[in-house]
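Heads up, the thing below is written out as structure tokens.
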Ligand SMILES: [Fe+2]
Ligand SMILES: [Fe+2]
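In the numbering used here, the protein residues as written are 62 to 317.
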């Protein structure tokens with residue numbers, strides 16, 4: 062059993078520990094998954110956070126990068142968690158997931174660097190743990206792929222696109238460049254989720270569309286509520302089919 066990297070809190074140390082652990086997890090290295098990974102900053106419930114400044118303010122851009130860093134960190138930890146919790150999953154799946162985990166690490170580093178360039182540090186604002194709270198040790202691998210890559214990262218595609226559109230009203234800046242790179246690369250992550258979700262449903266002779274609808278209903282209590290409209294074009298590019306897109310649109314309308 063190696064040192065539990067999820068219990069490292071300082072951000073720079075945490076990123077490099079997580080990167081190391083990805084390689085070891087691929088080789089079968091195991092560590093216990095804590096209820097909650099360690100943080101060196103305050104955790105507040107989602108929805109109760111301080112008001113945000115607009116994106117035309119440096120502070121507003123820094124806050125966005127801080128919020129993104131929080132999401133990228135949880136995305137990296139969750140991908141590593143999947144690698145550890147499903148050691149017998151398909152080898153190609155695991156290799157692609159390891160690459161995705163490292164890509165989240167790159168996104169996280171870009172956000173932390175961008176934040177520092179604007180004169181702010183990780184920890185300036187509180188964070189939430191909504192992504193981590195959306196998964197459970199009782200998840201099947203299909204559940205986990207659905208939650209992390211199709212629901213959480215899929216919702217990120219919708220919100221990333223509307224954020225970039227909001228930036229079009231202000232002069233070009235480094236923050237929007239970071240957001241664009243992340244947004245482009247996240248499309249690959251969601252495609253990865255769509256392909257493997259269907260592959261594993263096929264292998265288990267499950268009706269993937271039916272399962273998608275059921276999972277949305279069954280898992281909803283622990284999923285963060287989506288606010289942004291479903292970006293149909295991006296969802297299609299991320300390999301959602303029309304039935305899945307309709308389910309997402311219907312769900313959003315039912316929550317408004
Ligand atoms: Fe990411
Ligand atoms: Fe991602």
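Where is the CB? At the ideal position from N, CA and C, for every residue including glycine.
| Query | Result |
| --- | --- |
| In chain order, what residues of the same chain have a beta carbon less than 7 Å from the beta carbon of residue 147, not counting five sequence neighbours either side? | 202 |
| Do residue 285 and residue 107 have their beta-carbon atoms positioned less than 8 Å apart in this structure? | yes |
| State the CB to CB distance for the pair residue 82 and residue 141, rounded to an integer number of angstroms; the pair is presumed to be in contact (CB under 8 Å). | 6 Å |
| For residue 262, collect the residues of the same chain with a Cβ closer than 8 Å to its Cβ; drop the 5 residues on either side in sequence, then sort them by chain order. | 203, 268, 269, 272 |
| Going by beta carbon distance, what residues of the same chain come within less than 6 Å of residue 254, once the five residues before and after it are set aside? | 206, 210, 211 |
| Can you give me the C-alpha to C-alpha distance between residue 246 and residue 165, rounded to a whole angstrom? | 9 Å |
| What alpha helix (DSSP H) runs, 4 residues minimum, are completely inside the stretch 212-237? | 214-228 |
| Which runs of the alpha helix (DSSP H), 4 residues or longer, sit entirely within the stretch 159-213? | 191-194, 202-206 |
| Just list the alpha helix (DSSP H) runs in the stretch 72-111, keeping only unbroken ones of 4 residues or longer that don't cross its boundaries, in chain order. | 72-87 |
| Is residue 303 near ligand 1, with its Cβ less than 7 Å from a heavy atom? | no |
| Under 8 Å by Cβ, that's how I've got residue 295 and residue 222 pegged, so tell me the actual separation to the nearest angstrom. | 6 Å |
| Give the residues whose C-beta lies closer than 6 Å to at least one heavy atom of ligand 1, in chain order. | 133, 136, 165, 168, 243, 247 |
| Let me confirm a value: residue 354 is counted as buried when at least 16 other C-beta atoms fall within 10 Å, else exposed. Which label applies? | An answer regarding residue 354 cannot be provided, because it is not within the stretch 62 to 317 covered by the chain. |
| Is the stretch 116-130 touching the stretch 179-196, taking contact as three or more C-beta pairs under 8 Å? | yes |
| Check whether the Cβ atoms of residue 195 and residue 283 sit closer than 8 Å, and answer yes or no. | yes |
| With respect to 7 Å, is the separation between the Cβ of residue 214 and the closest non-hydrogen atom of ligand 2 below this value? | yes |
| Is the stretch 224-231 close to the stretch 169-182, with three or more CB pairs under 8 Å? | no |
| As a quick exercise: from 178, 299, 95, 150, pick the residue whose alpha carbon is nearest that of residue 138. | 95 |
| With a cut-off of 8 Å on the beta carbons, I'd call residue 67 and residue 111 a contact; round off their distance for me. | Not confirmed; about 27 Å, so no contact. |
| Is there a C-beta anywhere in chain C that falls below 8 Å from the one on residue 134? | The structure shown has no chain C; it contains just one protein chain. |
| Less than 8 Å between the C-beta atoms of residue 84 and residue 133, yes or no? | no |
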